[in-house]
Structure formats: C-alpha cells, structure tokens
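Enquirer: Quick one: the structure is below, questions incoming.
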Amino acid sequence: DCLSIHQLAAQGDVCQVAVHLNKDCSLLNKQDDRGFTPLMWAAAFGEKAVVDYLLAEGADPKTVAWERESALTLASMGGFVDIVKSLLALGVDINTYDWNGGTPILYAVRGNHIQCVQELLDRGADLTIESDSGYSPTALAVALGHKKIQKVLEEHVLQLYSPD
Amino acid sequence: SQLSLYCSPSLPNITLGLPAT
C-alpha cells in the first residue's frame, strides 16, 4: 500500500497496477517528480506485462520526462527488445534524444545490447546522430570495445550502400 | 546504472569516462 503506481509498475505487479488505476484513472500517465510515468518505470525495469497492460489501457508512449528521457530510451538502455518492439509499433520517435544527446540506439550500444541495436537498425534508427560529446553509435561501439555491435553497425552501413 | 524502486530510473551519461571527440 505504500508503493506508488510507479513503483508498482516497476515491480511488475499487473494486478496491483490495475487496482490502483481502477481507483484513480488519472494515475495512468502520472508523472513523478522527475517526469517519469508508470510506463517509463515499467520499461526501465523490463516489466513487459505491465508495459503491455499500460499501453492497452491507453498510456501515452510518447511522453518524455523532464530531461527528455523516454520509455524507448529506457527500454533500449536495459536491452529489453520486446518492449522496444511494442513501443516502436506505436509510432514513438525512434531518434528521440535526451539530456546528453542520447538516442535509443546510442543507449543500446552503450549497454552492449546487440538484439536491441539490430531491432533499432531494422526499424530505421539514424546512425549519424551523435551524443553531445560527439560519439556516433559506431564511434561509441569502437570506444567501448563492443566488437560484435561494431560489426553489426558496419554491416548495416555496407548494406545501405550495396547496389542490391 | 543501478535501478532502485526508491528513485526514478535514470539514464547514464552516454560517454562517461570516454575522451571527448
């Protein structure tokens, strides 16, 4: 009873989230003191069932927090590819950027989440966008020594320029 | 980043520790 709707969402407790929303439907998109919605908390913690439930109830996947954090960037940072897919299916901005110029693909690279990187590439993520410190996804992969991800990125670029 | 139920999730500095380009 002491947990907020945000914390309940992060715990993955669909039933408790539903109980709270039934009592107060304004909680669906309620932003906490940093602007995070329950959907963002669930996305950050990889709680797919809660994410699906909140989206089905009409939670806004495009809301950004005060420093422009989004559910997509949080899911990408955590490597939660199923959640990334669900959010992209709803038309969220795949190139959304936050307080340090971080985009979903930059976070997926930083977290070394190869499936997420691949999914974002397949859905058209912009590889030219750099962080505020000037790192593109490829440069970041190289700097962090994430060789498999570097290979995926390079192969993607080669495909883009393939005559086929 | 360490996730905790007691504070909002946060996104880390993308290039913390890396030299500026």
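Line order of the protein sequences matches chains A and B. Each residue of the first sequence is one higher than the one before, starting from 1 at the first, in our numbering. Each residue of the second sequence is one higher than the one before, starting from 165 at the first, in our numbering. Backbone N, C-alpha and C fix where the C-beta goes; we use that ideal spot for every residue, glycine too. Note that the structure is a prediction, hence the values are computed from the model and not measured.
Since residue 10 of chain A and residue 42 of chain A should fall inside the 8 Å C-beta cutoff, what is the C-beta to C-beta distance between them, to a whole number of angstroms?
Expert: Contact holds; Cβ gap of about 6 Å.
Enquirer: Three or more C-beta pairs closer than 8 Å, one from the stretch 94–108 of chain A and one from the stretch 66–78 of chain A: is that the case here?
Expert: Cβ pair count under 8 Å is three or more, so yes.
Enquirer: Assuming contact is defined by CB atoms lying nearer than 7 Å, are residue 47 of chain A and residue 81 of chain A in contact in what I supplied?
Expert: Against a cut-off of 7 Å, the Cβ pair of residue 81 of chain A and residue 47 of chain A comes out as no contact.
Enquirer: For residue 64 of chain A, list the residues DSSP reports as bridge partners.
Expert: A:70.
Enquirer: Alpha carbon to alpha carbon, how far is residue 100 of chain A from residue 78 of chain A?
Expert: Cα-Cα distance, rounded: 17 Å.
Enquirer: Rounded to the nearest angstrom, what separates residue 156 of chain A and residue 2 of chain A at their Cα positions?
Expert: Each residue's alpha carbon lies about 48 Å from the other.
Enquirer: Please say whether residue 145 of chain A and residue 185 of chain B have beta carbons closer to each other than 7 Å?
Expert: Not a contact, by the Cβ cut-off of 7 Å.
Enquirer: Quick check: is the beta carbon of residue 112 of chain B nearer than 7 Å to any beta carbon in chain A?
Expert: Nothing can be reported for residue 112 of chain B: it is not among the residues displayed for chain B, which extend from 165 to 185.
Enquirer: Mapping DSSP to helix, strand and coil, what is residue 22 of chain A?
Expert: Residue 22 of chain A: helix per DSSP, three-state reduction.
Enquirer: Where does residue 192 of chain A fall in DSSP's three states?
Expert: This structure gives no information on residue 192 of chain A, because the portion of chain A shown stretches from 1 to 164.
Enquirer: Is the beta carbon of residue 83 of chain A closer than 7 Å to that of residue 38 of chain A?
Expert: The answer is no: Cβ separation not under 7 Å.
Enquirer: Does DSSP classify residue 8 of chain A as helix, strand or coil?
Expert: Three-state result, residue 8 of chain A: helix.
Enquirer: Taking DSSP as the reference, what is the three-state secondary structure of residue 156 of chain A?
Expert: Helix, per DSSP.
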